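Sequence order for the protein chains is V and F.
So in the working numbering the end of the first sequence lands on 1295, straight run, no missing numbers.
So in the working numbering the end of the second sequence lands on 1295, straight run, no missing numbers.
To keep things clear, I will list the structure first and then write my remarks on it.
Number of protein chains: 2
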Amino acid sequence: MSAPSSLENLIEALRCLPGVGPKSAQRMAYHLLQRDRPGAQRLADALQQTLSVLRHCQRCNTFTETDICERCQSSKRDHGLLCVVETPVDMNMMEQTQAYSGLYYVLMGRVSPLDGVGPRELQLERLLARASDGVVREVILATNFTNEGEVTAHYLSEMLKSRGLRVSRIARGVPVGGELEYVDPGTLAQAMRERKSLAD
Amino acid sequence: MSAPSSLENLIEALRCLPGVGPKSAQRMAYHLLQRDRPGAQRLADALQQTLSVLRHCQRCNTFTETDICERCQSSKRDHGLLCVVETPVDMNMMEQTQAYSGLYYVLMGRVSPLDGVGPRELQLERLLARASDGVVREVILATNFTNEGEVTAHYLSEMLKSRGLRVSRIARGVPVGGELEYVDPGTLAQAMRERKSLAD
């Protein structure tokens, strides 16, 4: 005599959330039913609403409710700069810095041969077309500094440079506020190698 | 230029889940949209379905899809035993032990004066009526061994005994597999006080 099937079903469905195992799924389901039915209703509606209206921007791939996202349409952004990131979250992180006012291209992934993701799966020819619109003057590669992100950046760099585009990579180094004692040796080695001259 | 409003809305709605702050809500929303749209749809459906069909059993208060839950209707359970627990999850925990074959009464809470939850809010007269059906011969109090659970048990015990009902409390002590070194002093003190004679 177990839980009612709709409840079992909800517990199972909650497990699609990242980091949610059977125990927390159960806790979440009971929490919603015992203490927050309005919250559960709002969540159901928000999921439904998001699934029906949210799609990918036809220019930069990020999530949008229109064909072309607000950012790609904005005249306040510098359309000559194109920053390539792996995911919409990375794009948000970059936006939060307020240090960049160009446009983006979201790969929605990274080159990862082990997972069967190659240049074709990432549809890199779309990026190539986007970057070759005659307006973009510099492509800034901001993929992660993981093995896969680095491979992706290398691949993109070769591909874009062969088309005569100017390509740059965001800087690596000791994080702001970072103490040398706690920085990993690889980062420190890079910081040393890529040191900047302070002479003017 | 922030995220589209439906996405913002979903991130906000996910925060109704226990233990989910702004960062994980964002991670969950993007995960669902980037990698598991079918999962998001299943979750939306499951929430909607559960909210519409799930209600409280009229006898024991647990979640059910029928007026009286399967367990309360079952002839395989001992209707003379009534175990009082705080929540449906506690009931599930007890069921998983397979050490009990009676029925339950779920308080859906505990006496907690600080939160404004008194006997009236818990509708304890319903429990009284339930326990006085002439079939129940023993009420087993299985509220938590927290301050509030203990107060609740004490209150229930007085109330039920004054009606001439037999009342018991589940045992306290060192957990099975527990080492004395790691048990808190309060538990150990109780285990000492409630020691059982091994003489026959």
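Positions of the beta carbon are idealized from the N, C-alpha and C atoms, including for glycine.
All values derive from a computational prediction rather than experimental measurement.
Spatial distance of residue i from residue j (CA atoms)
| i | j | result |
| --- | --- | --- |
| T1161/V | Q1143/F | 27 Å |
| C1229/V | V1246/V | Correcting the residue identity first, residue 1229/V is Gly in this sequence and not Cys. Each residue's Cα considered, the two are about 26 Å apart. |
| Y1125/V | L1105/V | 10 Å |
| I1235/V | A1139/V | 38 Å |
| L1209/V | T1241/V | 14 Å |
| A1226/V | L1177/V | 7 Å |
| R1150/V | V1212/F | 46 Å |
| M1189/F | A1141/F | 26 Å |
| G1134/V | L1109/F | 8 Å |
| L1251/V | G1116/F | 35 Å |
| I1265/F | H1249/F | 13 Å |
| E1220/F | L1260/F | 14 Å |
| S1101/F | R1137/V | 12 Å |
| C1152/F | S1119/V | 24 Å |
| R1215/V | E1103/F | 32 Å |
| G1114/V | Q1129/F | 16 Å |
| R1132/V | G1272/F | 38 Å |
| Q1168/F | P1280/F | 43 Å |
| E1276/F | E1276/V | 37 Å |
Presumed contact (8 Å Cβ cut-off) between residue i and residue j, rounded CB distance
| i | j | result |
| --- | --- | --- |
| P1183/V | T1145/V | That pair is no contact at about 13 Å. |
| M1186/V | L1223/V | In fact, because the Cβ distance is near 19 Å, the residues do not count as touching under 8 Å. |
| L1112/F | M1123/V | 5 Å |
| T1238/F | V1179/F | 7 Å |
Per-residue burial, residue i [other beta carbons within 10 Å of its own, 16 or more giving buried]
| i | result |
| --- | --- |
| E1181/F | buried |
| I1163/F | exposed |
| M1287/F | exposed |
| Q1191/V | exposed |
| R1200/V | Checking the displayed sequence, the identity of residue 1200/V turns out to be Tyr instead of Arg. Burial call: buried. |
| R1258/F | exposed |
| P1099/V | buried |
| A1194/F | exposed |
| S1170/F | exposed |
| R1154/F | buried |
Same chain, Cβ closer than 6 Å to residue i, five either side skipped, listed in chain order
| i | result |
| --- | --- |
| P1270/V | none |
| M1203/V | N1156 |
| Q1121/V | I1106 |
| L1217/F | L1202, G1204 |
Residue i - DSSP class collapsed to helix/strand/coil
| i | result |
| --- | --- |
| R1150/F | strand |
| T1159/V | strand |
| S1119/V | helix |
| D1185/V | helix |
| V1246/F | helix |
| C1178/F | strand |
| R1264/F | strand |
| Y1195/V | coil |
| P1207/V | Note on residue identity: the sequence assigns Ser, not Pro, to residue 1207/V. In this structure, S1207/V counts as strand in the three-state DSSP scheme. |
| L1102/V | helix |
| E1107/F | helix |
| L1236/V | strand |
| T1140/F | Reading off the sequence shown, one finds Asp at residue 1140/F, where the question assumed Thr. It is helical. |
Same chain, Cβ closer than 8 Å to residue i, neighbours up to 5 away in sequence not counted
| i | result |
| --- | --- |
| K1256/V | V1262 |
| V1148/F | E1160 |
| V1267/F | This sequence places Arg at residue 1267/F; Val is not what is there. The residues are F1240, T1282, Q1285, A1286, E1289. |
| G1175/F | G1197, V1230, V1231, R1232, E1233 |
Nonlocal neighbours in the same chain, by C-beta distance under 7 Å from residue i, ignoring five residues either side
| i | result |
| --- | --- |
| R1296/V | The requested residue 1296/V does not occur in the structure, where chain V is confined to residues 1096 to 1295. |
| S1207/F | E1243 |
| E1274/F | none |
key: Contact set between the segment 1174–1186 of chain V and chain C, restricted to residues whose Cβ is under 8 Å from the partner   = Here the protein chains are V and F, and chain C is not one of them.
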